[in-house]
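Undergrad: Those sequence lines, one after another, are chains A and B.
Remember, this note's numbering sits 4 above the position in the first sequence when you count from 1.
Remember, this note's numbering sits 478 above the position in the second sequence when you count from 1.
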Amino acid sequence: MNIVASDITSQSFDVLIIGAGGAGLRAAIETRSRGLSTAVVCKSLFGKAHTVMAEGGIAASLGNVYPEDGWKVHFRDTVRGGKMLNNWRMAQLHAQEAPDRVLELEAWGALFDRTGDGRIHQRDFGGHKYARLAHVGDRTGLEMIRTLQYKATSMGIEVFMECKILRLLTDSSGNVCGAIGYWRASGDMILFKTKAVILATGGIGKSWKYTSNSWESTGDGHALAFQAGADMIDMECVQFHPTGMVWPLSVRGLLVTEGVRGDGGILRNSENQRFMFNYIPEMFRAETADTEEEADRWYTDHSSARRTPDLLPRDEVARAINSEVKAGRGSPHGGVFLDIATRLTADEIKRKLPSMYTQFLELAGVDITRQPMEVGPTCHYMMGGVRVDAETEAATVPGLFAAGEVAGGMHGANRLGGNSLSDLVVFGRRAGMGAADHAEGFSGTPKPEMEQALEAANQAIHPFSYENGESPYTLQADLQDCMQRLVGIIRTEAELRQALENISELKDRLNRVSVNGGKQYNPSWNLATDLPSMLSLSEMVTRGAIERKESRGGHTRDDYPQPDPELGKVNFVQRKRDGEHSIQPEPLLEMPDELKSLFEDGH
Amino acid sequence: MTEVTMNIWRGDSNGGNFEQYKLERVEGEVVLDVVHRIQATLAPDLACRWNCKAGKCGSCSAEIDGKPSLMCMTRMDTLPDDTITITPMKTFPIIKDLVTDVSFNYVMARQIPPFTPGEPEPDGTYRMQQVDIDRAQEFHKCIECFLCQDVCHVIRDHEVNKLYYAGPRFFVKLASLEMHPLDTVDRRALMREYLGLGFCNITKCCTEVCPEHIKITDNAIIPLKERVVDASYDPIAWLGRKIRRKSKMTAQEAYELAPARVAPTSLDGIPATAVED
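1. Does S518 of chain A come out as helix, strand or coil in the three-state DSSP assignment?
2. Using only CA atoms, which one of A:T400, A:V140, A:S48, A:G422 lies nearest to E409 of chain A?
3. Looking at the structure shown, is M484 of chain B part of a helix, part of a strand, or coil, going by DSSP?
4. Within the continuous beta strand (DSSP E) that includes M454 of chain A, where are the two ends?
5. So, is the C-beta of F593 of chain B closer than 8 Å to a C-beta in chain A?
6. Determine the chain A residues that contact N529 of chain B at a beta-carbon separation under 9 Å, and present them in chain order.
7. What are the residues that DSSP puts in a beta bridge with W187 of chain A?
8. Cutting at 8 Å between CB atoms, please list the residues of its own chain near P571 of chain B, excluding the five before and the five after it.
9. What are the boundary residues of the beta strand (DSSP E) that D18 of chain A is part of?
10. Skipping 5 residues on each side, what residues in its chain have a beta carbon closer than 8 Å to that of E481 of chain B?
11. Between A64 of chain A and chain B, is any beta-carbon pair separated by less than 8 Å?
12. Quick one: which residues of the region 482-515 of chain B get their C-beta closer than 8 Å to a C-beta of chain A? List them in chain order.
13. Are the Cβ atoms of H245 of chain A and S221 of chain A separated by less than 8 Å?
14. Can you give the beta carbon distance from L652 of chain B to R665 of chain B, rounded, assuming they're within the 8 Å contact cut?
15. Using 8 Å as the cut-off, can you tell me whether the region 323-337 of chain A makes contact with the region 379-386 of chain A, which would need three or more C-beta pairs spanning the two stretches below that distance?
16. What are the start and end residues of the alpha helix (DSSP H) that includes I372 of chain A?
17. What does R588 of chain B reach in chain A if we use C-beta pairs closer than 7 Å?
18. What are the boundary residues of the alpha helix (DSSP H) that includes K155 of chain A?
19. Express the C-alpha separation of V509 of chain B and E395 of chain A in angstroms, rounding to a whole number.
20. Note down, in chain order, all residues in the region 324-354 of chain A with a beta-carbon under 8 Å from any beta-carbon belonging to chain B.
21. Considering only the alpha carbon of each residue, which of A:L40, A:G23, A:A27, A:L170 lies closest to E444 of chain A?
22. Quick one: what does DSSP say P591 of chain A is sitting in, helix, strand or coil?
23. If you draw a straight line from the C-alpha of I573 of chain B to the C-alpha of A481 of chain A, how long is it?
24. According to DSSP, what are the bridge partners of C526 of chain B?
25. Which residues of the region 529-554 of chain B have a Cβ closer than 8 Å to any Cβ of chain A? Give them in chain order.
26. Go through its chain and collect everything with a Cβ distance to L673 of chain B's Cβ below 6 Å, but skip five positions before and after it.
27. I'd like to check one pair, E101 of chain A with V430 of chain A: are the Cβ atoms closer than 8 Å?
28. Relative to the alpha-carbon of Q463 of chain A, which residue among A:I184, A:P569, A:Q277 has its alpha-carbon at the smallest distance?
29. Where does Q566 of chain A sit, in a helix, a strand or coil, going by DSSP?
30. How would you list, in chain order, the residues of chain B whose beta-carbon sits under 8 Å from the beta-carbon of V140 of chain A?
31. Under a Cβ-count criterion, where at least 16 other Cβ atoms within 10 Å of its own Cβ denotes burial, should H585 of chain A be classed as buried or exposed?
32. Could you tell me the alpha carbon to alpha carbon distance between V340 of chain A and Y214 of chain A, rounded to whole angstroms?
33. Along the region 16-49 of chain A, where does the CB come closer than 8 Å to a CB of chain B? Name the residues.
34. From the DSSP output, in three-state form, read off P689 of chain B for me.
35. Report the CB separation of P524 of chain B from D575 of chain B in whole angstroms; it is logged as a contact under 8 Å.
36. Which residues in chain A have a C-beta closer than 7 Å to the C-beta of E622 of chain B? List them in chain order.
Now the structure itself:
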């Protein structure tokens, strides 16, 4: 019962955007404002994308709380946080344009919390020198997605929801000009013909056991781009957020916003010590408080006191928590304590952190106005991804663009909190402009090769005809177990090699997966079609992690615990040519001298 | 370890029935965890929606022992019985099992004229005081789980009313626009004539099921009703309009500003055939 061409309906648009989170929607608004027909495809309902879960805020040097803030300070914080592996031009554009993008959200109806003089309030966050995160309590992502969602709705953007893309399609000369996917509700295939494709598919966390990410984060965009021949960079750089819930087990990994620490929350071990003072790295020593008194004073006075080590960049805090637990100073359920109860009044906690209050009360039975939270690292964010041109977000394959988490380079080896939401709107807009230019310069009609579509469609339905195979749920659980154990927060060569072997076996097993029932809204089949992305992504992360024989940002090697200055000058680039998966170091873009000077002493 | 029986509606638009699944209870689980365990072990094709598993996205709406709820925020240990019944939301057409077709809501979203701000300050930015946005921020907490739409008897019991009635979710949306300090569009006549605000007879069922604890009836719908009445009948409303930043619009004028690319029906000159209880 093979799928043939006549089984597939097709739709034509100027621009196809895969993903309806912040980046996808901002891109769509841009292409639509240029008068281009625009389709947005998403795996869930419209408005449920992972952006909705972002809590703490959106980083932009508006200078509303600290007028001395500016793009250069934001740029410097971002690149130092990224351990100098960032694409400097992306980091510069991001720092320069983020304030305008925040104000634009306000002009589209977003209601950020206010300062006393009626401007947008900004909160402190890890790695940011000044209070810089515009926010709405601890539900900033929800505000952002609703604002963009209703703006997009008002502009007549076509949304294809609960639709999964299986493969990007190229024409005979290799230009990306379409995609094949299926509707979850019916299981029917749909083919898009388009002049440009923007990937805005977000993250990858579902390949790990404990993650803050939802079922959607299966690395689809990373896998689609790789298969289409695009260059992928920094795939080893995965962020483990230091504070995920650890109990109950069923919510292990669920995010606890860094805003808790931004608003005064502190980390303690089982001996009631503020252990972060023992983990201040050389790079941040000069600007980090070394006594509790100074750290506490900093919250109200950034000029005479240095910042608390509780707000070191995420990679530092996650490693510190990991070490404390390993040393036997963890909390009862294998995390550490995060205390806000003794730092703010109950009313302040409920006002500033309402969803954290509810989340712990309803899911863990913990009242955070009276008790400390138990937290530990959780797989959170992918710094690596599609290599793009900073100005246009064009990938290395013509017709393909990428923005947001699926793109690499912006965050280097570690992302600062708050820089993701700003990344989405800054580069979502730029990807929209880049794709619009490409579409406007496109002559003729897109001619995606039908054989590619049929191959992808028939691969997708294979589990229905394969009898007595194994369950996709088992395969997923085994992959998650493998990545959690062997490609987690602390890595070694032997474990990574073992992981690569396991992934190869899992890829074989993927051909022997069976699915029962019909194609109509069948979650086991849907999972079976996500597994190829998850495996491809996992392989890229593991290969990258083997090659980067140093510790940098989110990538920590127990067998190479220090950064290697030479490796700090290269991206590891992975690509597929003629079926061969290659990986090699390539030099970073050279930063101009005037920006380099920002990293010298005195700044 | 005790056992629990999950009584789950299985079927599609052609009909269906209840299937029972027996599982061990696990400490700390929510209903959605149990549904996921059923998928992984007993019924791989059992359909349900979910995303964030933290009460933030509003995807996993269903009726648990008859009460419209988020499956991800309903702790198993808060449900006293050893048999728990889960059914899909009743107000929307079934797609499969616990998944319903909620496109009514996306169609309705297009009937609402979008946010339209006035002129910014000379520096290009806007000023708003926190006290002036507190109420609208309450409405912005909405996660679009559509449980309020599900429970609202105006459409739950009378399918035909979906042509004439935006429902609590969109009254909350309209209230957030009405009370947004920067917005300039007057949607009051539109609410009265096209969007069915009058059909709500304030039974507060929507407020009871709202997982974000938005006081939908008291803080959104009743104030909207008052403003609509003021706009239509109040002999001294002209005084209010003098100090109001929005100039008065007819329903048709406001509707022309709406995206409304896919209207549920022609909304022009709707005959008054909706059903009232």
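Ideal Cβ positions, reconstructed from N, Cα and C, are used throughout, including at glycine.
These figures come from a predicted structure and were not determined experimentally.
TA: Quick answer:
1. coil
2. A:G422
3. strand
4. It is not in any beta strand (DSSP E) - M454 of chain A instead sits in the alpha helix (DSSP H) that spans 454-469.
5. yes
6. S48, L49, K52, A53, H54, V56, M57, S218, W219, E220
7. A:C167
8. S491, T578, D579
9. 13-22
10. K500, L501, E502, R503, D560
11. no
12. D490, V504, E505, G506, E507, V508, D511
13. no
14. 6 Å
15. yes
16. Counting along the chain, I372 of chain A falls outside any alpha helix (DSSP H), and DSSP gives it neither H nor E.
17. T157
18. 144-158
19. 46 Å
20. none
21. A:L40
22. strand
23. 28 Å
24. The partner list for C526 of chain B (beta bridge, DSSP) is empty, contrary to what the question assumes.
25. N529, C530, K531, A532, G533, K534, C535, G536, S537, M551, R553
26. A644
27. yes
28. A:I184
29. coil
30. Q615, H618
31. exposed
32. 16 Å
33. S48, L49
34. coil
35. The sequence given here has Leu at residue 524 of chain B, not Pro. With a Cβ gap of about 6 Å, L524 of chain B and D575 of chain B count as contacting.
36. G51
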